[in-house]
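Residues are numbered in my numbering as their position in the sequence shown, beginning at 1, plus a constant of 104. Data first, discussion second: the structure below is written as structure tokens.
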Amino acid sequence: MHGYTADKDAYLKRLRRIEGQVRGLQRMIENDDYCIDVLTQISAATKALQAVSLGLLDEHLKHCVAQAVAAGGEVADEKIAEASAAIGRLVKS
């Protein structure tokens, strides 16, 4: 069981809100809305998606990686490498 299952509804709700922000952004571009409005919407959607990503990564580290480390062996090494790569991608974005 993944660690985020307890917060699954909250994550799904937040992702639906982000999806709405992206649809709003699409309409703004289609309607040639003022550039600053588009940039503000992009910033809001980006921050919201980053917050969800960090929350999911935190849950993954607390549960999946912690369980793998406790079990030891190759699975632990794989989970640590996987988490490290995900953190690297988040830091670069």
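Yeah, the Cβ is synthetic: ideal placement off N, Cα and C, and Gly gets one too. Just so you know, these numbers come straight off a predicted model, no measurement behind them.
For residue i, report the span of its alpha helix (DSSP H) as first-last.
| i | result |
| --- | --- |
| Gly176 | Unbroken run through Gly176: none, as it is neither H nor E. |
According to DSSP, is residue i part of a helix, a strand, or is it coil?
| i | result |
| --- | --- |
| Tyr115 | helix |
| Asp136 | coil |
What does the Cβ neighbour count give for residue i, buried or exposed, with the cut at 16 atoms within 10 Å?
| i | result |
| --- | --- |
| Gln145 | buried |
| Met105 | Note on Met105: pLDDT 45, under 50, position unreliable in the model; no value is reported. |
| Ala185 | exposed |
| Val179 | exposed |
Which residue from the options puts its Cα closest to that of residue i?
| i | options | result |
| --- | --- | --- |
| Lys117 | Arg127, Glu134 and Val156 | Val156 |
| Lys151 | Ala187, Asp113, Ile122 and Ser188 | Ile122 |
| Arg127 | Asp113, Ala174, Ala170 and Ala148 | Ala148 |
| Gly124 | Asp136, Leu153 and Glu163 | Leu153 |
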